[in-house]
Structure formats: C-alpha cells, structure tokens
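Chains as they are written, first to last, in this note's numbering: chain Y, 1 to 209; chain Z, 1001 to 1429.
Below: one structure, written as structure tokens.
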Amino acid sequence: MNDKLVSLMSDLMEDETMALVKDLIKQGTDPMSILDDARRAMEVVGKRFEKCEYFIPDLMMAGEILKGISDIVKPLITGGQAAAKKGKVLIGTVAGDIHDIGKDIVTFMLDVSGYDVLDIGIDVPVPTFVQKVKEFGPAVVGLSGFLTLAFDSMKKTVEALDEAGLRKNIKIMIGGGQMDDEIKKYVKADAYGKDAVAAVSLCKEWLGA
Amino acid sequence: MTTKPYTDPDIGKTPQQLFAERNTRVLNALQLKQPDRIPVQLFMSYMLPDMYGVTHQEVQENKDKELELLEKAGAYFQPDIIWGVLNNPYVGTTLALKDVTTKFPGHSGLSPHGSYQFVEDEYMKPEEYDDFIDDPADWAIRKYWPRVFKELEGLSMLPPLGMAAFGTYGISNISFLKIPPIAAAFEALARAADTQAAMDARTQETVGKMISLGFAPPPIAGALVEAPFDLIADLLRGMKNMMLDLRRRPEKILAGVEKVLKFELEYAIAFCKATGLNVTFIPLHRGSDGFMSLPQFEKFYWPTLKTLMLRLIDAGITPVCFYEGTWDQRLKYLAELPKGKTAGWFQSSDIFKVKEVLGDTMCIMGGMRNTLIQAGSPEDVRKFTIELCRKVGKGGGFIMTTTVGEMEGCKPELVKVWVDTTKEYGVYA
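Right under this line is the structure:
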C-alpha cells in the first residue's frame, strides 16, 4: 500500500496524484496495487462525504482522478489479475428523464467498491429495463430519476419487472433529488438512497462488503 | 362536538370580489403582513393536461386549450393563484432558432406526452473562459449562440463586435451583413422575435382572462435571472465541469461571476422599468447544501448573489428566489437580507426551520411536498396541511404552494384536500 498515493488522492490533489501514478508505473509498481490504493482513497472520500467534510464536487473530482488512474492502469492489468467482483448491479435513469450526473457518480462509486456495474443509460424505456435485467442478471437494480415524472416511470418499471417474474430475485433501490419514503412505498422499491454513498451502503448490506 | 362540514368561502362571490381579495391576500403575504387567510398557489404544469386527458404537447403549443383547462381547474380547485405550463423558454421560439439545449414534448425525440427537459452540456470549453471574461457579449453572440441555436450558425462569421467602435471607418465593411449565412441568421432572429412577440401578447391575454375570473397573478412574474454562478454552471459549463472548475480554475469562476452580475443587473432593472413588473425571479441551483462547502459558498456563490439582490432592492425591485434543493445550512446567510424586501420559495429545506430563522425576514413560499400529494393519503395530506398552516403560516408572510414548482404527477383528489384544508385552517383569527 502506498500511503502517499492514498493521501494525495483522498485530498483530491489531482495533478500530484497523476504525477505519482505515472512515476510508480515507471518504477514497475504492480498496477493492481495502484488500483487498490485508488479504492482505499475512494473509501476515505466516501467517509469524508458521510461526515459532511466533502460534498458533491469532491465526489466528482475523486471520480475524475479515479478515471485518470484507471485509464493508465487498466490496460496494464492482465486478465488473470482482475479482482473478483462482489456482485452485479444494474443502474439506469428511468423513462422520460435524461438526468445522469447522480447516476454516474453512483456507477463509479459502486465500480470502485468492487461491484460489477452495468449502466444502461438515460431515458430507459420500461421494456428495455426488463430485457437488460434478464440478460445481465443483477442482484441489485438501481433506478435513477430526478423529475416528478420519474415517480410513475419507476412504478411502471418495478411493476414490469414483477410481471416478468424478475422482481423476487432482485433488490431495487431508487435515487434522485426528490426520493423519500413516500415515493419508495409508491414505487414499491426496497430502499431509497439520498446520495451515492448511500447506494454503496445499500449494496454492501444486500450483497456483502 | 360536531365538526361543521367545510364550505368553500369563495363560492358565491363575484370574480371582481375574488380578485380583490386574492390579490390583497397575496400582496399582504409578500409584505410580511397577516392577510385574512393563507394564500395558496398552484403551478400546475403537466398536471393540467393530465387531469383532462390532453397531451403535454398540446398545452405547450395551443394556448387556447391551455386557457380552457386552466379555467376548468381554477373553477374546481379555487386557489388564489393558478398557472399552467412553464413557458420560458417558449417552444415556438426554441424551434424557430433550432435550439439544441431544450427538448419539448412532441419534438427532439420526446413523445407528445413527454415533459420539457433542458439538455445540459459543456457549451463553453475551459479554454474559452478568458474570451468570455474579456468580452461576454462578443463570445456569446459569435461563439455561444451559433453553438446552441443552429439557425444562428452564421453569426460565427461576424467580425469581432468591438469593431463597432471603429464607427464611420468601420461601416465600409457593413456589407458583411449580406454574406448568406449571416443574412440567414438575422432572418432567423427576426422570425424568432415575431414568434416570441405573438406569444407575449397571448400570455398577456391569458393573464388578463385569469384576472377577470378572479385569480391573482403569480408573484414570480417579472424579470428572470440566475445567481451568476448558476448562469455559468447551468448554461455554459454544465454542473459537472463547473464543480471541477472549483478546484481546477477557481480564479476563472471568480472573474466570470463578476461579469455576469454586471449584465444581469442592468438587464433586470431595465426589464422591470419597461414592463412595470417590479419582481425578479431567481431560481437557484448549485449553491444548495451538499452542492458545495460553506467556504466555497462564501467565496464563489453568495457574494454576487447577495449583491444582485441588494442592488435590485435598491432599484425598488423584489427578488423572489426559488431556493431549490436544501438550504438548511445556509439560512443564516439569507437572514442577512433586508427584512421584508425579498421572498423565498423553498423546496427541500426544513420549512419549519425556515420559518423560525427567516419568518421575519422574507415571505416564505412552499410547504406542500409534491410526493405527499402524489403518493400520500388524504388523511396525511390534511394533517400535514394543518401543521403547515399553524406553524409556517403563523403571523402571516406565507404563501402555501408545492415544494417543486411543477405539479406534474400530483393527484387531483389530494390537491383538492390540500387546497380546501388550507382555506379552512389557514384563516387568521
């Protein structure tokens, strides 16, 4: 473990972090260990966010740094080295809604936490959600939506998953600016997350850490 | 004890009487006075066509149909203020310019039952900050407009606008206006202006008709501007890039917001002077709790927003801010505003805390969660409405409305419970 890398990245020092990663690669450091340090840094970032020391812009910056590191390191990782994934999560923004920023944060937070994440994009029609869930076989489905129209879209998506016989095998979490208990009950989801870190916590609870 | 069944106090009154009462009620609330009862505002948006089996596209484009439905909904709910779909921007004008930043129902891949969306993107690249800061008008007209309005691509061929200062020695070049793409852009602008002018006239007719039926006009009608930080974030950089800019190029943000403040202020004052509407509506987005730290808020967001509001107040204009998201951690800043000179519409803030901290500073608008009048029970709606009336309505200075402006998805039967309960329990002794 490289404490300096974890520290620089969790302090969101973008230029310094990338410079260190490039140096470490030149020195022959195992790319997997660099990714592991990046994951550790994201855990620190997540904890600081929960403690309200970090905010959404900080999650964004952490995501950017993580992407920068992944772009350098992932091509160097050979097939056998890839870490085993903890479980499958499918996420998408529901029909009629094109908001994606929150969903994208959840996606990279889940990915770096070791989950196999399939992001099916925005404005996803109900039948497409059902089809993708059938194909990918996730244990958790995340429905993202920001507009008030998203509530009914989420409800229809959950109903369609139920009709397709898929509902009983998955946990469904909903997220977006207006989610609350009322909407969770209305939509018949298992949980709502008020932010990206909550989404990771829910997956940990349902799929194991 | 037997409870008297509720009777709508507005039944049997003439439209003139209703307008006089409702207008006074709203004005009193705005001025932090205690009116006869709490005014209630319905900004129906797509709930209006959904109630009557009409497509979203139709109410967006057919203003006669929208007015017909507004009259019906107004007669049914009998609120103090009722309004239909958001019409800024107007779909006709965006189509005339081939605007890439908006999607309206029935266009841009949305079904006629779809809902309006703003397409946020990185419309200003980081390397363009300096051009924007040096000369926002030149950058906006020669770079931004051609990028977001496809009918105005020819404007990218204009010479630097500063050459206008060359006066008589510059006009020998004026034939550039005849270059076909430039000429086409100006023709498109003229068509857009005609389209918008026709809609402006139509809007005035709708306002006039609703007044003649006894409804007060919305208190947000006036100039529209944003917090300078939000203009750059929403329209130019996009939320994600602006958030990264906080760390990557903070000095550019600081310079940019000062430029935006200057032209927004001049615009809002001129608009209000020209129209006689002494309100400036300021929807706020990226400065809410969670969207930046308090030190960032104090450095990047609040100073120019506060200056904007204070200068508007000096000019005799009432800023009405829509504090979107949660502002619980920022209420102490809002308490600095001059008392009785602004109004605040609150979305997800703890409205009871808002009343406690800001009750004697500004008229508070909001209270009813959209989720409750979409997915709650009549009993829960009634109970919560009574609590809002008693606690947030106490002493006046409160306009009851939804926490999210647009009421799409809300259930008519629950809205009726909400409005009736407000009129029953929102009475000041």
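Even for Gly, the Cβ is constructed at its ideal location relative to N, Cα and C.
Which one or two residues does DSSP pair with Met1365 of chain Z in a beta bridge?
For the purposes of this step, residue 1365 of chain Z is taken as the residue at position 365 of the second sequence. In DSSP, Met1365 of chain Z forms a bridge with Z:Trp1345, Z:Ile1399.
If the criterion is Cβ atoms closer than 7 Å, does the pair Gly142 of chain Y and Met173 of chain Y meet it?
Here the question's residue 142 of chain Y lines up with position 142 in the first sequence. Here the question's residue 173 of chain Y lines up with position 173 in the first sequence. Going by C-beta atoms, Gly142 of chain Y is nearer than 7 Å to Met173 of chain Y.
Just by C-beta distance, which residues in the stretch 47 to 76 of chain Y are closer than 7 Å to chain Z?
Phe55, Ile56, Pro57, Met60, Met61, Glu64
I believe Ile1386 of chain Z touches Tyr1425 of chain Z by the beta-carbon criterion, under 8 Å. Please report the beta-carbon distance rounded to the nearest angstrom.
Residue mapping note: residue 1386 of chain Z aligns to position 386 of the second sequence, counting from 1. Residue mapping note: residue 1425 of chain Z aligns to position 425 of the second sequence, counting from 1. About 5 Å separates the two Cβ atoms, so the contact holds.
Of the choices Z:Asp1130, Z:Gly1340, Z:Thr1280, whose alpha-carbon is the least far from that of Ile1317 of chain Z?
Locating residue 1317 of chain Z in the second sequence gives position 317, counting from the first residue. Checked all of Z:Asp1130, Z:Gly1340, Z:Thr1280; the closest Cα to Ile1317 of chain Z is Z:Thr1280.
Euclidean distance between Cα positions of Val94 of chain Y and Leu161 of chain Y:
Translated into the one-based positions of the first sequence, residue 94 of chain Y becomes position 94. Translated into the one-based positions of the first sequence, residue 161 of chain Y becomes position 161. Near 13 Å, if we compare the C-alpha coordinates of Leu161 of chain Y and Val94 of chain Y.
Which word fits Phe1176 of chain Z, buried or exposed, when buried means at least 16 other C-beta atoms lie within 10 angstroms of its C-beta?
Taking the second sequence and counting its residues from 1, the one referred to as residue 1176 of chain Z is at position 176. With fewer than 16 other Cβ atoms within 10 Å, it is exposed.
Counting C-beta neighbours from all protein chains within 10 Å, is the total for Leu76 of chain Y 16 or more, i.e. buried, or is it exposed?
Position 76 of the first sequence, counted from the first residue, corresponds to residue 76 of chain Y. Exposed, because fewer than 16 other Cβ atoms sit within 10 Å of the Cβ of Leu76 of chain Y.
Between Pro1126 of chain Z and Gly1114 of chain Z, is the Cβ-Cβ spacing less than 7 Å?
By 1-based counting over the second sequence, the position of residue 1126 of chain Z is 126. By 1-based counting over the second sequence, the position of residue 1114 of chain Z is 114. Cβ atoms of Pro1126 of chain Z and Gly1114 of chain Z: not closer than 7 Å.
Is the shortest distance between the beta-carbon of Tyr192 of chain Y and the beta-carbons of chain Z less than 7 Å?
Here residue 192 of chain Y refers to the residue found at position 192 of the first sequence. Chain Z, which has no Cβ nearer than 7 Å to the Cβ of Tyr192 of chain Y, makes this no.
To be precise: take each residue of the stretch 1362 to 1390 of chain Z, compare its Cβ to all Cβ atoms of chain Y, and keep it if any distance is under 8 Å. Which residues remain?
Arg1369, Asn1370, Thr1371, Leu1372, Gln1374, Ala1375, Gly1376
With DSSP collapsed to three states, give me the class of Gln1117 of chain Z.
For the purposes of this step, residue 1117 of chain Z is identified with residue 117 of the second sequence, where counting begins at 1. Correct three-state label for Gln1117 of chain Z: strand.
Ala1233 of chain Z and Met1242 of chain Z: beta carbons closer than 7 Å?
Taking the first residue of the second sequence as position 1, residue 1233 of chain Z is located at position 233. Taking the first residue of the second sequence as position 1, residue 1242 of chain Z is located at position 242. The answer is yes: Cβ separation under 7 Å.
Does the CB of Phe1297 of chain Z have a neighbour CB from chain Y at under 7 Å?
Taking the first residue of the second sequence as position 1, residue 1297 of chain Z is located at position 297. No, because no Cβ of chain Y sits closer than 7 Å to the Cβ of Phe1297 of chain Z.
Nearest to Val1415 of chain Z (by Cα), restricted to the options Z:Ala1429, Z:Phe1384, Z:Gly1396:
Within the second sequence, residue 1415 of chain Z is the residue found at index 415, counting from 1. The residue with the shortest Cα to Cα distance from Val1415 of chain Z is Z:Phe1384.
Assign Pro1303 of chain Z to one of three DSSP states: helix, strand, or coil.
The count along the second sequence starts at 1 and reaches residue 1303 of chain Z at position 303. In this structure, Pro1303 of chain Z counts as helix in the three-state DSSP scheme.
Within the same chain, show all residues whose beta-carbon is closer than 7 Å to that of Val200 of chain Y, passing over the 5 residues directly before and after it, in chain order.
Within the first sequence, residue 200 of chain Y is the residue found at index 200, counting from 1. Within the same chain, Val200 of chain Y has close Cβ partners Gly46, Met109, Leu110, Ser113.
State yes or no: is the beta carbon of Glu1413 of chain Z nearer than 7 Å to at least one beta carbon in chain Y?
Stepping through the second sequence from its first residue, residue 1413 of chain Z is reached at position 413. Cβ-Cβ to chain Y under 7 Å: no for Glu1413 of chain Z.
Endpoints, the alpha helix (DSSP H) within which Ile1373 of chain Z is located:
Against the second sequence, residue 1373 of chain Z aligns to sequence position 373. Unbroken alpha helix (DSSP H) run through Ile1373 of chain Z: 1372 to 1375.
Under a CB-based cut-off of 7 Å, is Ile105 of chain Y close to chain Z?
As a working mapping, residue 105 of chain Y is identified with position 105 in the first sequence. No, because no Cβ of chain Z sits closer than 7 Å to the Cβ of Ile105 of chain Y.
Helix, strand or coil: how does DSSP classify Cys1389 of chain Z here?
For the purposes of this step, residue 1389 of chain Z is taken as the residue at position 389 of the second sequence. Helix, per DSSP.
Below 7 Å between beta carbons is the criterion; list the residues of the stretch 147 to 163 of chain Y that meet it against any residue of chain Z, in chain order.
Leu147, Thr148, Leu149, Phe151, Asp152
Is there a Cβ of chain Z sitting closer than 7 Å to that of Ile183 of chain Y, yes or no?
Taking the first sequence and counting its residues from 1, the one referred to as residue 183 of chain Y is at position 183. Judged by the 7 Å Cβ criterion, Ile183 of chain Y is in contact with chain Z.
According to a CB-to-CB cut-off of less than 8 Å, which residues of the stretch 1026 to 1040 of chain Z neighbour chain Y?
none
For Met1051 of chain Z, the nearest candidate out of Z:Phe1077, Z:Leu1224, Z:Asp1064, Z:Leu1027 (CA to CA)
By one-based count along the second sequence, residue 1051 of chain Z stands at place 51. Among Z:Phe1077, Z:Leu1224, Z:Asp1064, Z:Leu1027, the Cα nearest to that of Met1051 of chain Z belongs to Z:Phe1077.
Answer yes or no: do Gly87 of chain Y and Tyr115 of chain Y have a C-beta to C-beta separation smaller than 7 Å?
In the first sequence, counting from the first residue as 1, residue 87 of chain Y sits at position 87. In the first sequence, counting from the first residue as 1, residue 115 of chain Y sits at position 115. Yes, Cβ-Cβ distance for Gly87 of chain Y and Tyr115 of chain Y is below 7 Å.
Among Z:Lys1178, Z:Thr1206, Z:Leu1372, nearest to Lys1430 of chain Z - alpha-carbon criterion:
Residue 1430 of chain Z lies beyond the range of chain Z shown here (1001 to 1429); nothing can be said about it.
With burial defined as no fewer than 16 other Cβ atoms inside 10 Å of the residue's Cβ, what is the status of Cys52 of chain Y: buried or exposed?
Translated into the one-based positions of the first sequence, residue 52 of chain Y becomes position 52. It counts as exposed.
Under the rule that 16 or more other beta-carbon atoms within 10 Å means buried, what is Arg1390 of chain Z, buried or exposed?
Counted from its first residue, the second sequence places residue 1390 of chain Z at position 390. Arg1390 of chain Z is exposed by the Cβ-count criterion.
One or two residues paired with Met173 of chain Y in a DSSP bridge:
As a working mapping, residue 173 of chain Y is identified with position 173 in the first sequence. DSSP lists Y:Gly142, Y:Ala191 as partners of Met173 of chain Y.
Buried or exposed: where does Ala191 of chain Y fall if 16 or more other Cβ atoms within 10 Å of its Cβ makes it buried?
What you label residue 191 of chain Y is simply residue 191 of the first sequence in a count that begins at 1. That one is buried.
Which of the three DSSP states, helix, strand or coil, is assigned to Gly1256 of chain Z?
Numbered from its first residue, the second sequence carries residue 1256 of chain Z at position 256. Three-state DSSP puts Gly1256 of chain Z in a helix.
Where the beta strand (DSSP E) containing Trp1083 of chain Z begins and where it ends:
Numbered from its first residue, the second sequence carries residue 1083 of chain Z at position 83. Counting along the chain, the beta strand (DSSP E) containing Trp1083 of chain Z begins and ends at 1081 to 1083.
Could you pull the start and end residues of the alpha helix (DSSP H) that Cys203 of chain Y belongs to?
Residue numbering aside, residue 203 of chain Y sits at position 203 when the first sequence is read from its first letter. Looking at the DSSP string, the run of the alpha helix (DSSP H) that includes Cys203 of chain Y is 196 to 207.
Report yes if the CB atom of Met1047 of chain Z is closer than 7 Å to the CB atom of Glu1408 of chain Z, and no otherwise.
Translated into the one-based positions of the second sequence, residue 1047 of chain Z becomes position 47. Translated into the one-based positions of the second sequence, residue 1408 of chain Z becomes position 408. Cβ distance < 7 Å, so Met1047 of chain Z and Glu1408 of chain Z count as in contact.
In the DSSP output, what is Gly1439 of chain Z paired with across the bridge?
This structure gives no information on residue 1439 of chain Z, because the portion of chain Z shown stretches from 1001 to 1429.
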